[in-house]
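Trainee: Submitted below is the structure of interest, expressed as structure tokens.
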Amino acid sequence: MYLDYFPYESLRPYQDAMLDDVYGTVRDGEHAVLMIDAPTGSGKTSCISAALAAAPGKIAVAVRTISQIDIYLDEIEKIWSKTRHKPTIAYMVGKQKICPLADEFSGESVYSGCARLREWTKRKMIARLGEVGGKFYDPSQDRNAPPSVPGYRTFCPYYMMTREVFELQGKPHFRHSGQILDLVEDLRSGIRSPDRFMRECMDLCPYEVMSLSAKGSEIVILNYSHLFSPEFQEIIFDWLEMDRESLTLFVDEAHNLGDAVRALNTRVLSPRMIDLAEKEVEKYQESMGQARLLESSLEASSRLRGVEVTKTLLPRLRKYIQSRQARVQEGEELLDADLLREFLYQGFDDVEEALSAATEVAVTVAEMELAEGDRENLKGDIEPSLAHVLLFLGDVEMAERDLSYQRKISVTGTGDKKRAWLEVNNIDPAPLVRRVVDNINATVMLSGTLSPLDAYELYLLAEKDRAKKMSLPNPFPPENRLLMVAKTATTQLEKRDEAVNRREIADHIEAMIEEVAGNVAVFFTSYSMMSQYETTCKGSARKVGKLLYLEPRNAEDVPGILEDFFRAGKKGGAVLLGVSGGKLAEGIDYKGEALSGVAVVGLPLGFYNEIQREINQYYVRKYGQKNGMLIAYTLPAINRGLQGAGRVIRDASERGVILFCDRRFREGGRGGVLPFLPKWIRDELIVTDAKKSREIIRARGAEWER
Numbered sequence: 207m208y209l210d211y212f213p214y215e216s217l218r219p220y221q222d223a224m225l226d227d228v229y230g231t232v233r234d235g236e237h238a239v240l241m242i243d244a245p246t247g248s249g250k251t252s253c254i255s256a257a258l259a260a261a262p263g264k265i266a267v268a269v270r271t272i273s274q275i276d277i278y279l280d281e282i283e284k285i286w287s288k289t290r291h292k293p294t295i296a297y298m299v300g301k302q303k304i305c306p307l308a309d310e311f312s313g314e315s316v317y318s319g320c321a322r323l324r325e326w327t328k329r330k331m332i333a334r335l336g337e338v339g340g341k342f343y344d345p346s347q348d349r350n351a352p353p354s355v356p357g358y359r360t361f362c363p364y365y366m367m368t369r370e371v372f373e374l375q376g377k378p379h380f381r382h383s384g385q386i387l388d389l390v391e392d393l394r395s396g397i398r399s400p401d402r403f404m405r406e407c408m409d410l411c412p413y414e415v416m417s418l419s420a421k422g423s424e425i426v427i428l429n430y431s432h433l434f435s436p437e438f439q440e441i442i443f444d445w446l447e448m449d450r451e452s453l454t455l456f457v458d459e460a461h462n463l464g465d466a467v468r469a470l471n472t473r474v475l476s477p478r479m480i481d482l483a484e485k486e487v488e489k490y491q492e493s494m495g496q497a498r499l500l501e502s503s504l505e506a507s508s509r510l511r512g513v514e515v516t517k518t519l520l521p522r523l524r525k526y527i528q529s530r531q532a533r534v535q536e537g538e539e540l541l542d543a544d545l546l547r548e549f550l551y552q553g554f555d556d557v558e559e560a561l562s563a564a565t566e567v568a569v570t571v572a573e574m575e576l577a578e579g580d581r582e583n584l585k586g587d588i589e590p591s592l593a594h595v596l597l598f599l600g601d602v603e604m605a606e607r608d609l610s611y612q613r614k615i616s617v618t619g620t621g622d623k624k625r626a627w628l629e630v631n632n633i634d635p636a637p638l639v640r641r642v643v644d645n646i647n648a649t650v651m652l653s654g655t656l657s658p659l660d661a662y663e664l665y666l667l668a669e670k671d672r673a674k675k676m677s678l679p680n681p682f683p684p685e686n687r688l689l690m691v692a693k694t695a696t697t698q699l700e701k702r703d704e705a706v707n708r709r710e711i712a713d714h715i716e717a718m719i720e721e722v723a724g725n726v727a728v729f730f731t732s733y734s735m736m737s738q739y740e741t742t743c744k745g746s747a748r749k750v751g752k753l754l755y756l757e758p759r760n761a762e763d764v765p766g767i768l769e770d771f772f773r774a775g776k777k778g779g780a781v782l783l784g785v786s787g788g789k790l791a792e793g794i795d796y797k798g799e800a801l802s803g804v805a806v807v808g809l810p811l812g813f814y815n816e817i818q819r820e821i822n823q824y825y826v827r828k829y830g831q832k833n834g835m836l837i838a839y840t841l842p843a844i845n846r847g848l849q850g851a852g853r854v855i856r857d858a859s860e861r862g863v864i865l866f867c868d869r870r871f872r873e874g875g876r877g878g879v880l881p882f883l884p885k886w887i888r889d890e891l892i893v894t895d896a897k898k899s900r901e902i903i904r905a906r907g908a909e910w911e912r
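If you read the sequence shown in my numbering, its first letter stands for residue 207, the second for the next number, and so on.
Pasting the structure below:
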């Protein structure tokens with residue numbers, strides 16, 4: 207069965223049970239879902255071997271970040287080199303990350319600039335077809351073609367090389383060039399890293415090569431947004447020629463899926479979008495004045511009514527955002543929907559009729575290709591900003607009937623840099639997830655922190671026993687790790703500032719920094735708490751000769767700090783301070799000497815404000831008090847804590863210390879999370895106070911030294 211695809215000499219502990227379940231789920235199909243909670247080192251990526259052996263068609267792998275692409279490329283490369291199988295694999299990356307001209311689009315997005323240049327390129331090719339006087343034009347053979355000047359582009363040379371134009375029945379038609387077809391065929395002869403892929407594209411558009419390659423590959427790696435965005439879901443399957451009934455989906459790092467889908471299902475309305483929508487309406491009015499259309503007086507009246515509505519609503523929306531920007535402090539808060547609707551629709555007798563009239567204008571704008579904007583769909587067509595404004599207003603009205611829709615206003619910056627925008631987002635990811643998994647052959651969700659599985663099943667699928675669930679023990683030797691939990695220390699609000707409690711937290715942190723040899727990371731619940739204990743960490747680090755590094759607010763500074771931190775691990779060690787759920791606590795592989803100990807200080811619950819309160823109320827209504835609060839509020843905190851703790855011990859040969867510095871990790875009553883932790887963690891936790899923790903770490907370190 208799947209062992210024919212398995213590229214390793216032996217199976218890891220418990221790996222056979224995992225692969226058996228994957229094989230059976232994919233083979234049996236029938237829209238089955240398998241959820242796997244398996245710690246680091248379980249061999250989750252090798253599940254692709256079992257899927258390849260059983261899959262009736264294409265396999266799609268949904269990932270959250272580009273870095274995860276390399277993991278699957280490495281796995282497929284092993285299958286190529288160690289077995290007789292050579293499955294073809296391709297991946298899709300956002301255009302803004304791979305466009306060779308991305309730096310030239312000043313004042314507009316890559317998507318908008320690309321759409322403009324593509325249209326100009328087609329016109330250029332049609333003109334050259336006429337100039338050369340033939341029925342066919344291949345740009346790669348045109349030695350007299352004018353150059354494309356950087357900064358003054360009149361066409362895209364990369365896109366041009368992916369197309370040929372020919373005349374048929376007096377009209378120009380486009381097709382893929384021989385050059386791009388040859389490259390795609392060559393790509394199927396091996397595995398290309400993203401860097402090598404970019405080099406081999408040379409003078410061809412990487413995005414065009416990528417999308418064409420994905421259509422014919424057995425495995426295609428996609429971002430979450432490609433499959434779970436409500437705007438993309440309907441076109442991605444057809445565009446990449448993925449048959450739903452034979453498609454198998456892998457969701458990597460599935461603990462992120464719910465939050466990612468919620469973010470994708472957010473509609474934003476910014477002043478810029480209103481500006482662009484107004485330009486579209488102006489273009490539409492000009493076309494109305496120029497056109498000589500045979501239409502009834504009723505049709506003409508309807509068109510004029512639509513223009514009247516949009517020209518009333520757009521300035522009001524801008525004025526509303528400006529007024530809220532002046533009053534609201536930096537951050538986000540719930541939108542007063544009644545106030546917005548009263549201000550927006552003053553003078554309108556029927557809101558639904560008004561929006562319907564405006565929507566007719568938006569549809570015509572799209573049909574007449576009058577779109578202005580920074581957004582485009584997967585196929586590269588610019589989408590009208592007016593349509594997005596009206597979709598936003600439609601979602602605002604939807605929130606009156608559907609409590610899963612939440613309306614917010616967000617403000618960032620201060621003074622002249624202060625900016626505001628409106629948002630409507632669906633806080634329940636299950637409908638969009640189900641729209642995919644209920645219509646394909648099978649889905650496998652994988653994560654090292656998908657605990658508790660029952661809660662994630664409700665959160666993602668909204669149905670008990672909709673999925674088959676599997677939780678694996680930790681495959682690494684238990685004697686190589688030390689797991690501790692604070693007996694009394696806590697960051698609970700009512701205890702947070704008590705002197706005795708703060709001293710206990712500080713003592714726990716000092717024990718970790720001073721007694722754990724090598725690099726230590728300390729993850730706090732917030733930046734303010736990190737600042738609160740920075741002096742304590744500094745003093746302990748100095749005492750044992752370790753350097754101290756702080757998580758930067760700017761993501762661009764992260765690689766440099768990590769490089770210095772990793773280097774320090776080979777010279778006596780360093781201390782890294784960060785935030786649970788932040789840039790340093792998730793998605794980074796601290797291998798080998800990179801990390802020897804992690805302290806998770808506090809249960810990293812989200813900020814409890816009116817926005818969170820509304821989310822809690824929605825899930826309590828849906829699943830009851832216990833499950834509702836678990837899913838809405840506690841589950842994200844558990845995951846942040848487990849993700850931070852999971853940065854240490856990434857290989858069977860490594861040793862490390864993990865401290866959960868909050869008594870709620872050991873409690874099972876009100877506010878406690880112990881019952882929701884993976885069984886292997888519950889079984890190994892040592893409850894200790896700060897003084898004893900120092901002795902325990904010292905004893906275990908001596909044992910490892912021997």
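Heads up, the beta-carbon is just placed ideally off N, CA and C, and yes, glycines get one too.
Computed from a predicted structure; not experimentally measured.
Based on Cα-Cα distance, which residue from GLY787, GLY422, LEU664 and GLU629 lies nearest to VAL602?
Mentor: Locating residue 602 in the sequence shown gives position 396, where the first residue counts as 1. For VAL602, the nearest C-alpha among the options comes from GLU629.
Trainee: SER255: buried (16+ other C-beta within 10 angstroms of its C-beta) or exposed?
Mentor: Position 49 of the sequence shown, counted from the start, is the residue given in the question as residue 255. Answer is buried; the Cβ neighbour count reaches 16.
Trainee: Helix or strand or just coil, what does DSSP make of PRO213?
Mentor: Taking the sequence shown and counting its residues from 1, one reaches residue 213 at position 7. Coil at PRO213, not helix or strand.
Trainee: Once you ignore the five residues that flank PHE772 on each side, which residues in its own chain have a CB closer than 6 angstroms to its CB?
Mentor: Here the question's residue 772 lines up with position 566 in the sequence shown. Once the five neighbours on either side are set aside, the close Cβ partners of PHE772 are ALA800.
Trainee: Report yes or no: is there a C-beta of chain C within less than 8 angstroms of the C-beta of ARG641?
Mentor: Here chain C cannot be found, since the structure has a single protein chain.
Trainee: Assign ASN631 to one of three DSSP states: helix, strand, or coil.
Mentor: For the purposes of this step, residue 631 is taken as residue 425 along the sequence shown, with counting starting at 1. DSSP places ASN631 in strand when its eight states are reduced to three.
Trainee: Go ahead and label ALA705 buried or exposed: buried means 16 or more other beta carbons lie within 10 angstroms of its beta carbon, across all protein chains shown.
Mentor: Along the sequence shown, read from residue 1 onward, the residue named residue 705 stands at position 499. Flag for ALA705 reads exposed.
Trainee: Taking SER248 as the reference, which of PRO679, ILE719, GLU757 and LYS898 has the closest Cα?
Mentor: Here residue 248 refers to the residue found at position 42 when the sequence shown is read from its first residue. It is PRO679.
Trainee: Roughly how many whole angstroms lie between the Cα atoms of GLY357 and GLN531?
Mentor: Mapped onto the sequence shown, residue 357 falls at position 151. Mapped onto the sequence shown, residue 531 falls at position 325. Those two C-alpha atoms are separated by around 35 angstroms.
Trainee: What is the residue span of the alpha helix (DSSP H) that GLU606 lies within?
Mentor: Locating residue 606 in the sequence shown gives position 400, counting from the first residue. Note, GLU606: alpha helix (DSSP H), 591–607.
Trainee: Select from ALA668, ALA460, ALA858 and GLU890 the residue whose C-alpha is nearest the C-alpha of GLY834.
Mentor: The residue you call residue 834 lines up with position 628 of the sequence shown. Among ALA668, ALA460, ALA858 and GLU890, the Cα nearest to that of GLY834 belongs to ALA668.
Trainee: When DSSP labels each residue in this structure, what does HIS382 get in the three-state scheme?
Mentor: In the sequence shown, counting from the first residue as 1, residue 382 sits at position 176. Here HIS382 sits in strand by DSSP.
Trainee: Which residue from SER354, VAL355 and VAL338 puts its Cα closest to that of ASP348?
Mentor: Position 142 of the sequence shown, counted from the start, is the residue given in the question as residue 348. Here the closest residue by C-alpha is VAL338.
Trainee: Let me confirm a value: HIS461 is counted as buried when at least 16 other C-beta atoms fall within 10 Å, else exposed. Which label applies?
Mentor: Start at 1 with the first residue of the sequence shown, and residue 461 comes out as number 255. Flag for HIS461 reads buried.
Trainee: Nearest by alpha-carbon distance to ARG270: which of GLU215, ASP857, PHE434 and GLU663 is it?
Mentor: Here the question's residue 270 lines up with position 64 in the sequence shown. Of the listed residues, the one whose Cα sits closest to ARG270 is PHE434.
Trainee: Can you tell me the Cα-Cα spacing of PRO412 and ASP309, whole angstroms?
Mentor: Locating residue 412 in the sequence shown gives position 206, counting from the first residue. Locating residue 309 in the sequence shown gives position 103, counting from the first residue. When rounded, the distance between both Cα atoms is 15 angstroms.
Trainee: Go to ASP243, then tell me how far its beta strand (DSSP E) extends in each direction, as first and last residue.
Mentor: Indexing the sequence shown from 1 puts residue 243 at position 37. Run containing ASP243: 238–243, per the beta strand (DSSP E) assignment.
Trainee: Check this for me: beta carbons of ILE719 and TYR739, under 8 angstroms apart or not?
Mentor: As a first step, residue 719 is located in the sequence shown; it is residue number 513 there, counting from the start. As a first step, residue 739 is located in the sequence shown; it is residue number 533 there, counting from the start. The answer is no: Cβ separation not under 8 angstroms.
Trainee: Ordered along the chain, which non-local residues of its own chain (more than five positions away) have a Cβ less than 8 angstroms from that of LEU520?
Mentor: Within the sequence shown, the letter at position 314 stands for residue 520. For LEU520, where only same-chain residues beyond five positions count, the Cβ hits under 8 angstroms are ILE480, ALA483, GLU484, VAL487 and VAL595.
Trainee: Among residues of its own chain, excluding the 5 on either side of ALA261, which ones have a beta-carbon nearer than 6 angstroms to its beta-carbon?
Mentor: Residue 261 sits at position 55 when you count from the first residue of the sequence shown. Closer than 6 angstroms at Cβ, skipping near neighbours: VAL232 and THR454.
Trainee: Which class does ILE427 belong to by DSSP, given the choice of helix, strand or coil?
Mentor: As a first step, residue 427 must be located in the sequence shown, where it is residue number 221. In the structure shown, ILE427 sits in a strand (DSSP, three-state: E or B).
Trainee: Excluding five sequence neighbours on each side, which residues of the same chain lie with their C-beta closer than 8 angstroms to the C-beta of GLY319?
Mentor: Position 113 of the sequence shown, counting from 1, holds the residue named residue 319. Cβ within range, chain order: LEU307, GLU310 and PHE311.
Trainee: How should ASP542 be labelled, buried or exposed, when 16 other C-beta atoms within 10 angstroms of its C-beta is the threshold for buried?
Mentor: Here residue 542 corresponds to residue number 336 of the sequence shown, with the count starting at 1. By the 16-neighbour rule on beta-carbons within 10 angstroms, ASP542 is exposed.
Trainee: Say whether the segment 614–622 touches the segment 825–839, bearing in mind that this needs 3 or more beta-carbon pairs closer than 8 angstroms, one atom from each stretch.
Mentor: Using a Cβ-Cβ distance cut-off of 8 angstroms, the segment 614–622 and the segment 825–839 are not in contact, since fewer than three pairs of beta carbons, one from each stretch, lie closer than that value.
Trainee: With a cut-off of 8 angstroms on the beta carbons, I'd call TYR611 and ASN645 a contact; round off their distance for me.
Mentor: The count along the sequence shown starts at 1 and reaches residue 611 at position 405. The count along the sequence shown starts at 1 and reaches residue 645 at position 439. Actually they do not touch by this definition, with Cβ atoms about 23 angstroms apart.
Trainee: Helix, strand or coil for TYR343? Go by DSSP, reduced to three states.
Mentor: Mapped onto the sequence shown, residue 343 falls at position 137. In the structure shown, TYR343 sits in a strand (DSSP, three-state: E or B).
Trainee: Measuring alpha carbon to alpha carbon, tell me which residue in LEU279, LEU782, LEU546 and LEU387 is nearest PHE397.
Mentor: The residue labelled residue 397 in the question sits at position 191 within the sequence shown. The sequence given here places Ile at residue 397; Phe does not occur at that position. Comparing Cα-Cα distances from ILE397 to each of LEU279, LEU782, LEU546 and LEU387, the minimum goes to LEU279.
Trainee: Can you tell which of GLU437, LYS489, VAL426 and ILE855 has its C-alpha closest to the C-alpha of LEU470?
Mentor: Taking the sequence shown and counting its residues from 1, one reaches residue 470 at position 264. Comparing Cα positions, the closest option is GLU437.
Trainee: Under 8 angstroms between the Cβ atoms of LEU410 and LEU389?
Mentor: Here residue 410 refers to the residue found at position 204 of the sequence shown. Here residue 389 refers to the residue found at position 183 of the sequence shown. Going by C-beta atoms, LEU410 is nearer than 8 angstroms to LEU389.
Trainee: Which residues in the same chain have their Cβ closer than 7 angstroms to the Cβ of ALA564, if we skip the five residues on either side of it in sequence?
Mentor: As a position in the sequence shown, residue 564 is number 358, starting the count at 1. Correct list, in chain order: GLY512, VAL515, THR516, LEU519 and LEU596.
Trainee: Would you give the residue range spanned by the beta strand (DSSP E) that VAL826 belongs to?
Mentor: Against the sequence shown, residue 826 aligns to sequence position 620. Bounds of any beta strand (DSSP E) do not take in VAL826; it lies within the alpha helix (DSSP H) bounded by 816–829.
Trainee: Whose CA, out of GLU370, LYS264 and LYS693, lies closest to the CA of ILE425?
Mentor: Counting from one through the sequence shown, the residue named residue 425 turns up at place 219. Answer by Cα proximity: LYS264.
Trainee: Specify the secondary structure class of PHE981 as computed by DSSP and reduced to three states.
Mentor: Any answer about residue 981 is impossible in this case: the structure gives the chain only from 207 up to 912.
Trainee: Classify GLY775 as helix, strand or coil using the three-state DSSP reduction.
Mentor: In the sequence shown, residue 775 corresponds to position 569, counting from 1. When secondary structure is reduced to three states using DSSP, GLY775 falls in the coil class, being assigned neither helix nor strand.
Trainee: From this set, GLU769, SER657, ARG861 and THR894, which residue's C-alpha is nearest GLN849's C-alpha?
Mentor: Taking the first residue of the sequence shown as position 1, residue 849 is located at position 643. The shortest Cα separation from GLN849 among GLU769, SER657, ARG861 and THR894 belongs to SER657.
Trainee: Would you mind listing the beta strand (DSSP E) stretches within the segment 462–546 that are 3+ residues and don't spill past its ends, in chain order?
Mentor: Counting whole runs of 3 or more residues, the segment 462–546 contains the beta strand (DSSP E) stretches 472–475 and 537–540.
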